[in-house]
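Everything below concerns the one structure shown next.
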Amino acid sequence: MLKYQQRGVALITAILIVALATVIAVAMTARQQLDIRRTANLLNNDQAYLYALGGETWAGQILQQDRKNSQYDALSELWAVQLPPFPIDGGTLQGQLSDLQAKFNLNNLVDSEGKVVPLQLQRFQRLLTYLEISPDLAQAVVDWIDPDNDPQLPNGAEETTYLINKPAYRAANTKMRSPTELRLVAGFKAEIYNKIIPYVTALPEITEINVNTAPLAVLMTLADDLTPEQVETLIKGRESIPFKNLQTFLAHEALAGLKVDKEGLGVSSHYFRYQADVFIDRARSRLTSLLQRTDSGVITLTRSQEPSTF
1 MLKYQQRGVA LITAILIVAL ATVIAVAMTA RQQLDIRRTA NLLNNDQAYL
51 YALGGETWAG QILQQDRKNS QYDALSELWA VQLPPFPIDG GTLQGQLSDL
101 QAKFNLNNLV DSEGKVVPLQ LQRFQRLLTY LEISPDLAQA VVDWIDPDND
151 PQLPNGAEET TYLINKPAYR AANTKMRSPT ELRLVAGFKA EIYNKIIPYV
201 TALPEITEIN VNTAPLAVLM TLADDLTPEQ VETLIKGRES IPFKNLQTFL
251 AHEALAGLKV DKEGLGVSSH YFRYQADVFI DRARSRLTSL LQRTDSGVIT
301 LTRSQEPSTF
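Listed below in structure tokens is the structure:
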């Protein structure tokens, strides 16, 4: 009897060992497959990022060639065309260039000496008014940028306004690095911020508004008596024949009788936003870059793998 019992115990032990070995083998196989997948994802992510960088270089070449071909920038040109996804090894790449000088540059509000620029302030106030936002908020933006701590009267906001917040913070008192800083400026609640953010930018120097690419809301800033219908006429006209110089724009029949100051306006651009989306297998890489076109070439000023607003 004892002999049979010993055999039974040995059999059960053997079965348990086999079962345990099977579980371990399955776990090791699953872990190995997971490690392989993780490694593949890492490699695909790296490859996708490199493709996005390649797209950035290609975008720069397009901008350089465009400058050689014409002295103006318009939405009908190659750089502005939305291309379909481009097939790459194992996936697709889609890139898009957009003109940042189609927007109002918030840093235009204050000159290099730290003083408010009346014309730019007036244009910004018109933009706010068109978007049904109080134009009084413009002074708070000026105070955020100018170097002093003296509030613009009567609606400015300097550090004393921000130090009572929780958490407390100070006004930047320097140029904006991103228009997203508006979320910190007094009065710019989420609803207001979301309204205005598509139409503003924060570029590192004083720039002109490109009248060939600016949307209706931005063109509405050019004169007090300008109507949306007149701006629509301008936009429709530039679609077929872009403005090759500022004189042609100012002489357009839609602007007849209006006082449009040519200061701060132009027909070409130096700053562009490049965005690429690359898909390889399950990996996705997004690259957003701020490009500056100069006489000597195209420079990447900033680069981010997160969605960025310039």
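Start counting the sequence shown at 1; every next residue gets the next number (UniProt numbering). The beta carbon of each residue, even a glycine, is placed where N, CA and C say it ideally should be. Note that the structure is a prediction, hence the values are computed from the model and not measured.
Using only the alpha-carbon positions, how far apart do residue i and residue j sit?
i: residue 71; j: residue 142; result: 32 Å
i: residue 276; j: residue 88; result: 13 Å
i: residue 59; j: residue 290; result: 11 Å
i: residue 205; j: residue 77; result: 25 Å
i: residue 161; j: residue 84; result: 48 Å
i: residue 202; j: residue 93; result: 28 Å
i: residue 127; j: residue 182; result: 15 Å
i: residue 152; j: residue 125; result: 14 Å
i: residue 278; j: residue 228; result: 38 Å
i: residue 266; j: residue 260; result: 13 Å
i: residue 224; j: residue 51; result: 47 Å
i: residue 190; j: residue 31; result: 45 Å
i: residue 217; j: residue 199; result: 7 Å
i: residue 139; j: residue 47; result: 46 Å
i: residue 282; j: residue 176; result: 37 Å
i: residue 109; j: residue 178; result: 14 Å
i: residue 288; j: residue 15; result: 59 Å
i: residue 226; j: residue 247; result: 18 Å
i: residue 312; j: residue 245; result: Residue 312 is absent from the structure shown; the chain starts at 1 and stops at 310.
For residue i, count neighbouring Cβ atoms within 10 angstroms of its own Cβ and tell me buried if that reaches 16, exposed if not.
i: residue 81; result: exposed
i: residue 274; result: buried
i: residue 66; result: buried
i: residue 132; result: exposed
i: residue 257; result: exposed
i: residue 305; result: exposed
i: residue 210; result: buried
i: residue 154; result: exposed
i: residue 23; result: exposed
i: residue 219; result: buried
i: residue 18; result: exposed
i: residue 241; result: exposed
i: residue 168; result: exposed
Measuring CA to CA, which of the options is closest to residue i?
i: residue 212; options: 199, 230, 220 and 235; result: 235
i: residue 207; options: 31, 293 and 14; result: 293
i: residue 90; options: 44, 303, 56 and 219; result: 44
i: residue 73; options: 52, 84, 48 and 101; result: 101
i: residue 299; options: 104, 271, 232 and 282; result: 271
i: residue 56; options: 69, 75, 68 and 79; result: 79
i: residue 222; options: 262, 165 and 187; result: 262
i: residue 147; options: 115, 252, 173 and 167; result: 173
For residue i, list the residues DSSP reports as bridge partners.
i: residue 105; result: 201
i: residue 292; result: 271 and 299
i: residue 284; result: 279
i: residue 210; result: 266
i: residue 110; result: 116
i: residue 304; result: 288
Can you name the start and end residues of the alpha helix (DSSP H) that residue i belongs to?
i: residue 86; result: It is not in any alpha helix (DSSP H) - residue 86 instead sits in the beta strand (DSSP E) that spans 86–88.
i: residue 162; result: 159–162
i: residue 143; result: 137–145
i: residue 82; result: It is not in any alpha helix (DSSP H) - residue 82 carries neither H nor E in the DSSP assignment.
i: residue 240; result: 228–240
i: residue 194; result: 190–196
i: residue 124; result: 118–130
i: residue 222; result: Neither: residue 222 is in no alpha helix (DSSP H) and is coded neither H nor E.
i: residue 248; result: 246–250
So the beta strand (DSSP E) residue i belongs to, where does it begin and stop?
i: residue 92; result: 91–99
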